[in-house]
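The next block holds one structure in the form of structure tokens; read it before the comments.
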Amino acid sequence: MDISNPAVFGNAELLRLYIGRRVQALIQVFSYDDENQIVVKGYPPISLTNFVEVIGIADGVKSIKAEIWTNFGDSIDTHTYNQLCQLANGEFKHLFV
Numbered sequence: 104m105d106i107s108n109p110a111v112f113g114n115a116e117l118l119r120l121y122i123g124r125r126v127q128a129l130i131q132v133f134s135y136d137d138e139n140q141i142v143v144k145g146y147p148p149i150s151l152t153n154f155v156e157v158i159g160i161a162d163g164v165k166s167i168k169a170e171i172w173t174n175f176g177d178s179i180d181t182h183t184y185n186q187l188c189q190l191a192n193g194e195f196k197h198l199f200v
């Protein structure tokens, strides 16, 4: 595991804080516009599941240039993931970055 350039946990709400930095975000693959939509640039694997984690550079308020794509399956508890993002960017930030 490369720890020289760690990725911060992010979601659509927090991405704006990390423009230009390496981020890790769980996204749900959609084909329509949503106010919390994140545009992911790059070359995904041939088949994507409903939920995908991407690691890459936040290059805009709602945009990530992905380096790594990981399928996370067709269902996941997004509420718990968002809570993790809040903890990783708040009181327990020192444990994650």
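For what it's worth, the numbering used here labels the leading residue of the sequence shown as 104, then goes sequentially.
All C-beta atoms in this analysis are idealised placements derived from N, C-alpha and C, irrespective of residue type, glycine included.
Quick caveat, the model's predicted, so the values are computed rather than measured.
Below 7 Å CB to CB, which residues in the same chain sit around N114 once its five sequence neighbours on both sides are set aside? A128, N185 and C188
Buried/exposed call for L151, threshold 16 Cβ in 10 Å: exposed
Within 10 angstroms of the Cβ of V164, are there 16 or more other Cβ atoms? Answer buried if so, exposed if not. exposed
When DSSP builds the beta bridges, which residues end up paired with F112? Q127
Taking only three categories from DSSP, how would you classify F199? helix
Suppose you measure from the CA of E116 to the CA of E156; what does that come to, to the nearest Å? 16 Å
Using a 10 Å radius around the Cβ and a threshold of 16 neighbouring Cβ atoms, would you call F112 buried or exposed? buried
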